[in-house]
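Numbering (this note's numbering), first residue to last: 2 to 321.
This report refers to the structure that appears directly beneath it.
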Amino acid sequence: MGNVEYKQLDLKSIDLTDTTFVITYGFTLTQLKKSIEKIGILNPPLVKKKSEEQYRIVCGYKRLLVCQDIGIEELRCAVMGQNIEDKDTFLTSLYDNLSHRALNPVEKSITISKLQKYYSGEIIVKNFLPLLGLNSHYSVLDRIKPLSGLDVKIKDAVVDGRIDEGVAAKFLNFSEKDRELIFQLLSALRFSKNKQNEVIDNFYDITKKDGCSISSILDAKELRDILADSSLNIPQKGSRVRYFLRKLRYPKIVKAEKDFLEMKKNLNLGDSIKLTPPPSFEGDKYCIEFQFETLDDLEENLKRIDSIKQNKEFKRIIEG
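Pasting the structure below:
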């Protein structure tokens, strides 16, 4: 690397709290610590002078943290020239990271936030998102960028894969207190990505529609009883919690579903006849399908279908 001078530096002269050029997030030092204790630092960290007495990190953040942890007081470092602009210094850090590993979603968010100091959104979308393994769309930028501003617990869950990155961005629609409450629920019930999206969207819409708080929703007796029921396993609790939230968000649809299922059960259609309502009960078209193997089966199914016209509950639901 040109314009670099190698120096023996006191570790205390390197500001480990200055992350101007650092994008690393979500890591453990265990293996690196073992390696450095055994063979030392083979690749000197790269730093840049920030004042007469202090340096800031460019590359080698984890190596420096290990040095601090195991008590190394002095080490050989590569010092960048002062004439190198901050933009190019940051790009050096970014390309160094990308040369040996893929970034996690939070690191991509940190990278985007730092790039915005130097580049327009158009350039970031066109040139840098593909570099990060992302599609060149503003919607991707909008989804990834907020992650770095989330609470540590949520960021850690994104890195670990417990919370989907798209879901995590939606946490910023809530207050810090509400984020913590929702995070606790999602963590406890271990929802899949799609179900996480469903739950957090329902929470948001319920609070906007009814003007209630997340804590008041979670304090509802029905929900507390579900979570406290030791006879239910986690998937069963998750299913009931989702149904509870759907009732709050779509009370009319959920009631229509319940009435339809009760009516359908009373019709005794058997296994061969399928009665399907309009999607979300928004429409007038119902569908009846059936399967048969013989003419007798066909006749029996047609008789059953003809008989349901006389069912009062069926008429009420169909005719509205």
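All C-beta atoms in this analysis are idealised placements derived from N, C-alpha and C, irrespective of residue type, glycine included.
DSSP-derived helix/strand/coil call for residue i
i, result
"Y205", "helix"
"A103", "coil"
"D152", "coil"
"V23", "coil"
"E6", "strand"
"K50", "strand"
"I71", "helix"
"Y120", "coil"
"D11", "strand"
"D165", "coil"
"R317", "helix"
"D16", "strand"
"D220", "coil"
"E199", "helix"
"P45", "coil"
Check whether residue i and residue j have beta carbons under 8 Å apart
i, j, result
"D276", "K286", "It is worth fixing the name first, because residue 276 is Leu in this sequence and not Asp. Cβ distance not < 8 Å, so L276 and K286 don't count as in contact."
"V242", "L224", "yes"
"N302", "S273", "yes"
"V141", "L130", "yes"
"I183", "I207", "no"
"K51", "R57", "yes"
"M81", "N4", "yes"
Which residues DSSP lists as bridging residue i, in chain order
i, result
"R247", "According to DSSP, which records beta bridges pairwise, R247 is partnered with nothing at all."
"F291", "I274"
Buried versus exposed call for residue i [16 or more other C-beta atoms within 10 Å across all chains shown]
i, result
"T29", "exposed"
"Q185", "exposed"
"D307", "exposed"
"Y26", "buried"
"C78", "buried"
"V6", "One point to set straight first is that residue 6 is Glu, not Val, in the sequence displayed. Exposed, since its Cβ has fewer than 16 Cβ neighbours within 10 Å."
"T112", "buried"
"A169", "buried"
"N195", "exposed"
"P46", "buried"
"E166", "buried"
"R102", "exposed"
First through last residue of the beta strand (DSSP E) which encompasses residue i
i, result
"K286", "Element bounds for K286: n/a, residue is neither H nor E."
"V80", "75-81"
"R57", "56-60"
Residue span of the alpha helix (DSSP H) that contains residue i, given as start and end
i, result
"I306", "296-308"
"A189", "177-190"
"K259", "252-268"
"S281", "Run containing S281: none; DSSP gives neither H nor E here."
"S337", "Outside the modelled stretch of the chain, which goes from 2 to 321, sits residue 337, for which no answer is possible."
"I145", "139-145"
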